[in-house]
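To start, the structure under review is shown below, and the notes come after it.
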Amino acid sequence: MVSMGFYKLVSTSLVGIMTYVASMSHPIASVGGINDPVYKESMIYAPILMYHHVAPKIGDNPYYVSPDIFEQQMAWLDEHDYNVISLDQFYRGLYGNELLPARPVVLTFDDGDRDQYTNAFPVMKKYGFTGTFYVITNDIGGRGFMTWDMLKEMVKDGMSIESHTVHHINLAGAGEAETRLELAKSKKVLEEKLGITVKHLAYPGGSYSNLTIKILEELGYLSATTVRHSQYHSSDLSPYKIPRMHIDSDMESFVGFVTGRRKD
Ligand SMILES: [Zn+2]
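Position one of the sequence shown corresponds to residue 17 (the working numbering), numbered consecutively onward.
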């Protein structure tokens with residue numbers, strides 16, 4: 017299995033290995049062909065995988081990954097020496113000075129569905145993997161959603177719980193007062209009930225505006241993830257526009273997304 021793996025481009029000697037091209041401020045010849053993408057020095061390769069339900073697939077609903085496929089996907093990461101890192105670590109690697117391990121992958125889960133606790137969490141524990149669970153605070157404890165006790169247990173076992181707003185609203189269409197409430201209240205209630213610091217948000221449906229970003233910054237959120245596909249990340253890109261890879265119930269597309277052979 018050939019993978020791009022991950023390296024910070026700290027010297028031109030790495031450029032050849034990585035088939036990257038140096039930044040415009042330090043122009044060097046491309047080592048690849050004309051179709052090779054041009055990346056700046058600040059680019060890193062670190063797929064952020066986005067899951068929703070981990071449960072038996074209903075019809076062809078793309079938001080379900082069956083538990084046996086999920087187990088195979090985690091086993092594949094383990095067998096192929098990928099390093100599952102936390103979103104915090106990813107953030108420090110991209111926007112700070114922390115050197116990330118080779119082949120970094122981030123696991124994220126949206127919506128706080130109970131099947132994530134039942135079917136994903138035990139498998140992740142088995143492999144020693146961490147993950148970020150973006151929960152809709154108004155739904156916590158509701159039918160089909162995780163309870164506060166489940167979330168507490170996951171925090172204790174090294175999982176990160178972050179915000180997916182209070183009501184899963186379309187943030188691009190929301191006014192200032194509503195946006196502020198959705199972002200502030202979800203953060204506050206998670207912090208109070210779980211004894212954590214909430215630093216990250218996933219935009220419901222990937223929807224946001226410049227107003228959303230302005231309020232996120234004011235409230236002390238460090239990052240927000242979108243549903244735009246890319247395995248590459250640049251520190252030139254706003255931390256409130258971080259792309260992720262949607263994962264479905266299929267091993268072949270999973271391997272393609274993780275290795276970078278598949279873009280979308
Ligand atoms: Zn969602």
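Quick reminder that beta carbons are idealized off the backbone N, C-alpha and C, glycines included.
Rank the options by C-alpha distance to the C-alpha of residue i and give the top, closest one.
{"i": "GLY272", "options": "LEU93, ASP126 and VAL70", "result": "LEU93"}
{"i": "ASP252", "options": "ASN99, GLY75 and GLY112", "result": "GLY112"}
{"i": "TYR133", "options": "PRO83, PHE106, GLY109 and THR228", "result": "PRO83"}
{"i": "ALA289", "options": "LYS230, GLY157 and THR148", "result": "In the structure displayed, the chain extends from 17 to 280; residue 289 sits before or after that span and is not available."}
{"i": "LEU187", "options": "LEU199, ILE212, GLU233 and ASN154", "result": "LEU199"}
{"i": "VAL70", "options": "GLU95, VAL139 and PRO63", "result": "VAL139"}
{"i": "GLU207", "options": "HIS183, SER225, TYR237 and GLY221", "result": "TYR237"}
{"i": "GLY189", "options": "ILE85, GLY221 and ARG159", "result": "GLY221"}
{"i": "LEU232", "options": "PRO72, TRP164 and LEU197", "result": "LEU197"}
{"i": "THR163", "options": "ILE185, GLY128, ASN135 and MET175", "result": "GLY128"}
{"i": "TYR248", "options": "LEU235, ARG278, GLU234 and TYR224", "result": "ARG278"}
{"i": "ILE85", "options": "ASN77, PRO72 and GLU95", "result": "PRO72"}
{"i": "GLU87", "options": "ASN135, GLY191, GLU234 and GLN105", "result": "ASN135"}
{"i": "VAL243", "options": "GLU234, TYR224 and ILE185", "result": "TYR224"}
{"i": "GLN105", "options": "ASN77, ARG159 and MET175", "result": "MET175"}
Measure the CB-CB distance between residue i and residue j and report whether it falls below 8 Å.
{"i": "VAL81", "j": "ASP264", "result": "yes"}
{"i": "PHE145", "j": "LEU123", "result": "yes"}
{"i": "ARG130", "j": "PHE161", "result": "yes"}
{"i": "VAL151", "j": "VAL121", "result": "no"}
{"i": "SER228", "j": "THR275", "result": "The question names Ser, but residue 228 in the sequence shown is Thr. It is not a contact, given that the beta carbons lie outside the stated cut-off."}
{"i": "HIS68", "j": "TYR79", "result": "yes"}
{"i": "ILE212", "j": "ILE177", "result": "yes"}
{"i": "MET59", "j": "SER250", "result": "yes"}
{"i": "ILE64", "j": "THR241", "result": "yes"}
{"i": "MET183", "j": "ASN154", "result": "Looking at the sequence itself, residue 183 is His, so the reference to Met does not match. For HIS183 and ASN154, yes; Cβs fall inside 8 Å."}
What distance in whole Å lies between the Cβ atoms of residue j and residue i, which are believed to be in contact at a cut-off of 8 Å?
{"i": "HIS180", "j": "ASP126", "result": "6 Å"}
{"i": "LYS141", "j": "ASP173", "result": "6 Å"}
{"i": "LEU116", "j": "THR148", "result": "At roughly 16 Å, the Cβ-Cβ gap does not stay under 8 Å, so LEU116 and THR148 are not in contact."}
{"i": "MET261", "j": "HIS245", "result": "6 Å"}
{"i": "TYR143", "j": "SER239", "result": "That belief does not hold up - the Cβ atoms of TYR143 and SER239 are roughly 25 Å apart, past 8 Å."}
{"i": "PHE137", "j": "MET170", "result": "6 Å"}
Is residue i near ligand 2, with its Cβ less than 7 Å from a heavy atom?
{"i": "ASP155", "result": "This structure simply doesn't include ligand 2; it includes ligand 1 instead."}
Q) Are the region 103–112 and the region 185–205 touching by the rule of at least three beta carbon pairs closer than 8 Å? A) Contact fails: fewer than three Cβ-Cβ distances are below 8 Å.
Q. Enumerated in chain order, which unbroken segments of the alpha helix (DSSP H) with a length of 4 residues or greater are wholly contained in the region 62–103?
A. Correct list: 83–95.
Q: Specify whether the region 239–258 and the region 211–228 touch according to this definition: at least 3 beta carbon pairs, one from each stretch, less than 8 Å apart.
A: A contact exists between the region 239–258 and the region 211–228.
Q) Curious, which full-length alpha helix (DSSP H) runs of at least 4 residues does the region 174–238 contain? A) For the region 174–238, the continuous alpha helix (DSSP H) assignments of 4+ residues that do not extend past its boundaries occur at 192–210 and 226–235, in sequence order.
Q. Residue ranges of each beta strand (DSSP E) run of no fewer than 3 residues wholly in the region 119–175, ordered along the chain?
A. Runs of the beta strand (DSSP E) spanning 3 or more residues and lying entirely within the region 119–175 occur at 120–127 and 148–151, in chain order.
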